[in-house]
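Here's the structure, in structure tokens; my notes come after.
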Amino acid sequence: MEDVISEVRELFLDEGVDEQVLMELKTQLW
Numbered sequence: 001m002e003d004v005i006s007e008v009r010e011l012f013l014d015e016g017v018d019e020q021v022l023m024e025l026k027t028q029l030w
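Start counting the sequence shown at 1; every next residue gets the next number (full-length UniProt numbering).
Right, dumping it as structure tokens:
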């Protein structure tokens with residue numbers, strides 16, 4: 001699962017998505 005998070009995170013960062021948004025997503029998914 002961590003691999004998926006890493007890939008998605010890199011994708012988000014490339015798109016300029018804020019880290020905070022990613023953390024909120026993470027807490028909602030799990």
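Where is the CB? At the ideal position from N, CA and C, for every residue including glycine.
Here the alpha carbon of residue 18 sits roughly 11 Å from the alpha carbon of residue 10.
For residue 7, same chain residues with a beta-carbon under 7 Å away, outside a window of 5 residues either side, do not exist. For residue 8, the uninterrupted alpha helix (DSSP H) run begins and ends at 2–15, by DSSP.
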